[in-house]
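Asks:
Residue numbers (the numbering used here): 255 to 539.
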């Protein structure tokens, strides 16, 4: 896996840092080679392929939680050899046109952090890059995804935690755990900092998502990332609500935290979605 210094040295104006493949159960199923060709056509020079790393149910006791969220969250362990073989072939095939970084988007789940550390120790030599994200929160019924769908968010996470503000508190506490987590071969890049907020358009306009306490929590997260010299994904592909409670991107820029363009592409047409806005806002600085 690339070092923090190596990641920070990548030219961020031409780096696409978060992309999926046909191995993603909730993606379009399009061949990753089509994504790569699209990335070349769009002018990217570095392209991170970051498929969802398998969840622990394939290697430990089955995960309990929302069946759809868990079943469609990630690739299977049995698919890893095929994934590496294909990406390494494409990495060599296109190396004159684009630098392909082979890696994963990895779910931080506190209850399985020891298992995850073991997996990183096993696979770190086979990957160039990785993202550490929080997609799940624990509920009385088990793990439930924040980003599956608005109904699942409302009936699962929101119902379990009682209010959007409580969801924000729990989510940021988990992100802080992920940022504080210190194990060998841990990813140096974080994704989905506002995952809890994406369903805000489905709730009343006056819904309270954040307050001074959550602002301080997010500030502490950013301060820790800055102190560690790490990076954050910057996704502008979804129209943000007009009143985002905390402008973390501006705060991160002021702290000189490297922001990496994040298309979160799950289909070929999304490879450059939000890229023009990222460049226009100078978020690569």
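The C-beta atom is built at its ideal place from N, Cα and C for all residues, glycine as well. In this text the structure is predicted, and so the values were computed from the model without any measurement.
For residue 595, which residues in the same chain have their Cβ closer than 7 angstroms to its Cβ, ignoring the five residues on either side in sequence?
Replies: Since the first residue of the chain shown is 255 and the last is 539, residue 595 is not available in this structure.
Asks: Look up residue 259 in the DSSP assignment and say whether it is helix, strand or coil.
Replies: Residue mapping note: residue 259 aligns to position 5 of the chain shown, counting from 1. Correct three-state label for residue 259: helix.
Asks: Cα separation between residue 524 and residue 535?
Replies: Looking up residue 524 in the chain shown gives position 270. Looking up residue 535 in the chain shown gives position 281. When rounded, the distance between both Cα atoms is 19 angstroms.
Asks: For the pair the region 426-441 and the region 365-381, tell me if three or more CB-CB distances fall below 8 angstroms.
Replies: The region 426-441 vs the region 365-381: in contact.
Asks: Compute the distance between the beta-carbons of residue 308 and residue 341, then report whether it is under 7 angstroms.
Replies: Here the question's residue 308 lines up with position 54 in the chain shown. Here the question's residue 341 lines up with position 87 in the chain shown. Their beta carbons are not under 7 angstroms apart, which means residue 308 does not touch residue 341 by this criterion.
Asks: In chain order, what are the residue ranges of uninterrupted alpha helix (DSSP H) at least 4 long that sit wholly in the region 321-409?
Replies: Counting whole runs of 4 or more residues, the region 321-409 contains the alpha helix (DSSP H) stretches 321-325, 334-347, 367-377.
Asks: Could you pull out every residue in the same chain whose Cβ sits closer than 8 angstroms to the Cβ of residue 320, ignoring the five residues on either side in sequence?
Replies: The sequence position of residue 320 within the chain shown is 66, counting from 1. Once the five neighbours on either side are set aside, the close Cβ partners of residue 320 are 395, 396, 397, 398, 399, 402, 406, 410.
Asks: Could you tell me the boundaries of the beta strand (DSSP E) in which residue 306 lies?
Replies: By 1-based counting over the chain shown, the position of residue 306 is 52. Taken as a continuous stretch (DSSP letters only), the beta strand (DSSP E) holding residue 306 covers 300-306.
Asks: Whole beta strand (DSSP E) runs in the region 444-499 with 3 or more residues, listed along the chain?
Replies: Runs of the beta strand (DSSP E) inside the region 444-499: 485-488.
Asks: Restricting to Cα atoms, I'd like to know which of 303, 338, 268, 277 is closest to residue 295.
Replies: Here residue 295 is taken as the residue at index 41 of the chain shown, counted from 1. Of 303, 338, 268, 277, the residue nearest in Cα terms is 268.
Asks: Relative to the C-alpha of residue 417, which residue among 381, 464, 284, 374 is closest?
Replies: Here residue 417 is taken as the residue at index 163 of the chain shown, counted from 1. Minimum Cα distance to residue 417 is reached at 464.
Asks: Quick check on the DSSP output: what are the complete alpha helix (DSSP H) runs of length 4 or more inside the region 497-525, in order along the chain?
Replies: Fully enclosed alpha helix (DSSP H) runs of 4 or longer: 502-508.
Asks: Just mark residue 314 as buried or exposed, buried being the case when its beta carbon has 16 or more other beta carbons within 10 Å.
Replies: For this step, residue 314 is matched to residue 60 along the chain shown. With a pLDDT of 47 at residue 314, under the threshold of 50, the modelled position of this residue cannot be trusted; read the value that follows with caution. Residue 314 comes out exposed.
Asks: Where does residue 282 fall in DSSP's three states?
Replies: Mapped onto the chain shown, residue 282 falls at position 28. DSSP places residue 282 in coil when its eight states are reduced to three.
Asks: Exposed or buried, which one is residue 493 when buried takes at least 16 other CB atoms within 10 Å?
Replies: What you label residue 493 is simply residue 239 of the chain shown in a count that begins at 1. A caution first: residue 493 carries a pLDDT of 46, below 50, which makes its placement in the model too unreliable to give a value.
Asks: Is it the case that the Cβ atoms of residue 302 and residue 521 are separated by a distance below 7 angstroms?
Replies: What you label residue 302 is simply residue 48 of the chain shown in a count that begins at 1. What you label residue 521 is simply residue 267 of the chain shown in a count that begins at 1. For residue 302 and residue 521, no; Cβs fall outside 7 angstroms.
Asks: So, for residue 386: in the same chain, excluding its five sequence neighbours on each side, which residues have a beta-carbon less than 6 angstroms away from its beta-carbon?
Replies: For the purposes of this step, residue 386 is taken as residue 132 along the chain shown, with counting starting at 1. So the qualifying residues of the chain are 360, 362, 432, 441, 444.
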